[in-house]
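So the protein lines, in turn, are chains A and B. For the first sequence, the numbering used here assigns the number -11 to the initial residue and increments by one for each residue that follows. For the second sequence, the numbering used here assigns the number -11 to the initial residue and increments by one for each residue that follows. Structure record follows, encoded as structure tokens.
There are 2 protein chains.
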Amino acid sequence: MARYQAGIRTQARIIDATRQLLGEVGLEGTTLKAICDRAGVRAGSFYNLFASKDEAIMRVITDAIGTVDPDPEGAGTDTVGDLVKAYARFITGQSTVARIYLQSVVGGSIADDALAKRFLRHHERRVRRFAEAMRRGDPSLSPEAAAQDAELLLAALNGLAFRWVLQPSFDFTGHIRRILAMDERLRSAGELSL
Amino acid sequence: MARYQAGIRTQARIIDATRQLLGEVGLEGTTLKAICDRAGVRAGSFYNLFASKDEAIMRVITDAIGTVDPDPEGAGTDTVGDLVKAYARFITGQSTVARIYLQSVVGGSIADDALAKRFLRHHERRVRRFAEAMRRGDPSLSPEAAAQDAELLLAALNGLAFRWVLQPSFDFTGHIRRILAMDERLRSAGELSL
DNA sequence: CTCTAATTTGAGTATTCGCTCCAAGTTTTT
DNA sequence: AAAAACTTGGAGCGAATACTCAAATTAGAG
Chain A
-11 MARYQAGIRT QARIIDATRQ LLGEVGLEGT TLKAICDRAG VRAGSFYNLF ASKDEAIMRV
49 ITDAIGTVDP DPEGAGTDTV GDLVKAYARF ITGQSTVARI YLQSVVGGSI ADDALAKRFL
109 RHHERRVRRF AEAMRRGDPS LSPEAAAQDA ELLLAALNGL AFRWVLQPSF DFTGHIRRIL
169 AMDERLRSAG ELSL
Chain B
-11 MARYQAGIRT QARIIDATRQ LLGEVGLEGT TLKAICDRAG VRAGSFYNLF ASKDEAIMRV
49 ITDAIGTVDP DPEGAGTDTV GDLVKAYARF ITGQSTVARI YLQSVVGGSI ADDALAKRFL
109 RHHERRVRRF AEAMRRGDPS LSPEAAAQDA ELLLAALNGL AFRWVLQPSF DFTGHIRRIL
169 AMDERLRSAG ELSL
């Protein structure tokens, strides 16, 4: 949409404002007026550059999801522990986006199908990474079993993130460490999956 | 508020309508008008019996949470497997409430502190149940370790529920069975926690 | 420099929301 | 029979929402 420098800069200001607001006041506080006020722009300008409010919000979310992809090159040398740590960093570092992510999935307020599918693809990519790392750690693991174990481990991680949203004082990183220690123990013990 | 039969019946109709709507159109579709239309009541009557729309919604949620409490007597003979099964039944049977539950925790739209605290208490009670069952299965487990393991197991269960909301075709019960099998294996193997 | 198109403005619109108030009538309890 | 609770029907408030549009301004390609 934007072709001139002015438009491009304005777009960037709007995205920045949207990102800030999502972090500060959440999804429901991020109104059009709030975005425009913070970006220093009238509603007319906004709609000259964006088709809808949701478009701006989706841009923020998808941008954030894209940037937190661990090991985007997929070098294939990560251990399960590395991936768990990367996940924990995502949650604690980008707690805003994490919350929005949970919120969008569960709420359905923004969740048009496109976004839901995107989240799903993101999740599946992550499952694949985890499964590959698991098989590197234990080559005897079948691809199917690894995928299921990965799904389960990620469920636990998401559940801990959820728990953290429910109670910010919850010791999220402590439980992550616990998972890491368990992974360590299991690997040295061999056999038992997950 | 309601003291006469008429008021009590109307209250029940309103609660029913609210519950149905939450299931059919979600939190954001459950407007005052929708509730009143379905209950066959004018707004004036509604506010004669409820202080606010949120009060009605909170009643539905807290009622639902109360009814799904497994083993309300707390007989103390459940195994971890029983509790996992009970949880799975809660999710698959009361998926509406489960979704609202996740939504309320994560969304903050209804989440006044009272409701958040209630959810937290509910979760903590569940953690306690799980931890007790774990210690019955393995008396050598310290209370602290059991509590942490319970927290982790519940995180995994919540994560699976979340995953199911994200993709309704997800094999939720299959993964639950997987957890049950894992629990079985670990118990026969002794030692390793969770 | 000029002309076109992108951009911005400022003042809207239309709708929905939760909620209030009231007068009049009905039902239930005391 | 009196009092209290309840319902109706409606009008309407104030605030918020996402969004629109004509006109003015500005940027940039030629």
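The beta-carbon is built from N, C-alpha and C at its ideal position, and this holds for glycine as well. These numbers come from a predicted model, not from an experiment.
- Query: Does any C-beta atom of chain A lie closer than 8 Å to the C-beta of residue 139(B)?
  - Reply: With 8 Å as the cut-off, residue 139(B) counts as an interface residue toward chain A.
- By how many angstroms is the C-alpha of residue -4(B) removed from the C-alpha of residue 114(A)? Straight-line Cα distance between these residues: approximately 51 Å.
- Taking Cβ-Cβ distances shorter than 8 Å, what residues in chain A pair up with residue 163(B)? The answer, in chain order, is 136, 139, 140 and 143.
- Proximal residues of chain A, C-beta to C-beta of residue 155(B) below 7 Å: Chain A residues near residue 155(B): 108.
- Below 7 Å CB to CB, which residues in the same chain sit around residue 6(B) once its five sequence neighbours on both sides are set aside? Non-local beta-carbon contacts of residue 6(B) in its own chain, meaning distances under 7 Å to residues more than five positions away in sequence, involve 18, 23, 44, 45 and 48 in chain order.
- Query: Between the Cα of residue 144(B) and the Cα atoms of 166(B), 157(B), 155(B) and 16(B), which residue gives the shortest distance?
  - Reply: Per the Cα distances, 166(B).
- Do the stretch 83 to 92 of chain B and the stretch 143 to 161 of chain B make contact, defined as three or more Cβ pairs closer than 8 Å? Judged by pairs of C-beta atoms under 8 Å, the stretch 83 to 92 of chain B touches the stretch 143 to 161 of chain B, as three or more such pairs exist.
- Hey, is residue 11(A)'s beta-carbon within less than 8 Å of any beta-carbon in chain B? Chain B has no Cβ within less than 8 Å of the Cβ of residue 11(A).
- Quick one: does residue 147(A) have its CB under 8 Å from some CB of chain B? Yes, its Cβ sits closer than 8 Å to a Cβ of chain B.
- Query: How many angstroms separate the CA atom of residue 108(A) from the CA atom of residue 53(A)?
  - Reply: Cα to Cα, residue 108(A) sits roughly 12 Å from residue 53(A).
- Query: Under 7 Å Cβ-Cβ, which residues of chain A neighbour residue 34(B)?
  - Reply: Chain A residues near residue 34(B): none, gap ~23 Å exceeds 7 Å.
- Through-space distance from residue 104(A) to residue 27(A), alpha-carbon basis: In a straight line, the C-alpha of residue 27(A) is about 28 Å away from that of residue 104(A).
- Query: Is there at least one Cβ from chain B nearer than 8 Å to residue 182(A)'s Cβ?
  - Reply: Residue confidence for residue 182(A) is low, a pLDDT of 48 falling below 50, so the modelled location carries little weight and cannot support an answer.
- Message: So residue 166(B) contacts chain A; which residues on that side make the cut at Cβ distance below 7 Å?
- Response: From the beta-carbon of residue 166(B), the residues of chain A found nearer than 7 Å are 136 and 140.
- Task: Taking 8 Å as the cut-off, decide whether the C-beta atoms of residue 158(B) and residue 142(B) are in contact.
- Result: Cβ distance not < 8 Å, so residue 158(B) and residue 142(B) don't count as in contact.
- Query: Under the criterion of a Cβ to heavy atom distance below 7 Å, does residue 136(A) qualify as lining the ligand FAD?
  - Reply: As for the ligand FAD, it is missing from this structure, which has no ligand bound.
- Query: In terms of residues, what are the limits of the alpha helix (DSSP H) holding residue 64(B)?
  - Reply: It is not in any alpha helix (DSSP H) - residue 64(B) carries neither H nor E in the DSSP assignment.
- Task: State the DSSP-derived secondary structure class of residue 173(B), mapped to helix, strand or coil.
- Result: Helix at residue 173(B).
- Task: In angstroms with no decimal places, state the Cα-to-Cα distance between residue 111(A) and residue 139(A).
- Result: Here the alpha carbon of residue 111(A) sits roughly 9 Å from the alpha carbon of residue 139(A).
- Task: Indicate the three-state DSSP secondary structure (helix, strand or coil) for residue 131(A) in the structure shown.
- Result: Helix at residue 131(A).
- Closest residue to residue -7(A) among 25(A), 11(A) and 37(A) (Cα-Cα distance): The option with the nearest alpha carbon to residue -7(A) is 37(A).
- Task: Note down the Cα distance separating residue 168(B) from residue 51(B), rounded to an integer number of angstroms.
- Result: Whole-angstrom Cα-Cα distance: 29 Å.
- Task: Go to residue 13(A), then tell me how far its alpha helix (DSSP H) extends in each direction, as first and last residue.
- Result: Where residue 13(A) is concerned, the enclosing alpha helix (DSSP H) starts and stops at -7 to 17.
- Item | Buried/exposed call for residue 120(A), threshold 16 Cβ in 10 Å | Around the beta carbon of residue 120(A), 16 or more other beta carbons lie within 10 angstroms, which makes this residue buried.
- Task: Grab the span of the alpha helix (DSSP H) containing residue 26(B) for me, first residue to last.
- Result: Counting along the chain, the unbroken alpha helix (DSSP H) around residue 26(B) starts and ends at 20 to 27.
- Item | Cα-Cα separation between residue 127(B) and residue 175(B), rounded to whole angstroms | Here the alpha carbons of residue 175(B) and residue 127(B) stand approximately 12 Å from one another.
- Message: Taking only three categories from DSSP, how would you classify residue 70(B)?
- Response: Under the three-state reduction of DSSP output, residue 70(B) falls in the helix class.
- residue 31(B), buried or exposed, once every other Cβ within 10 Å from all chains shown has been counted against 16: Exposed is the call here.
- Task: Taking residue 170(B) as the reference, give the member of 136(A), 160(A), 163(A) and 162(A) with the closest Cα.
- Result: The option with the nearest alpha carbon to residue 170(B) is 136(A).
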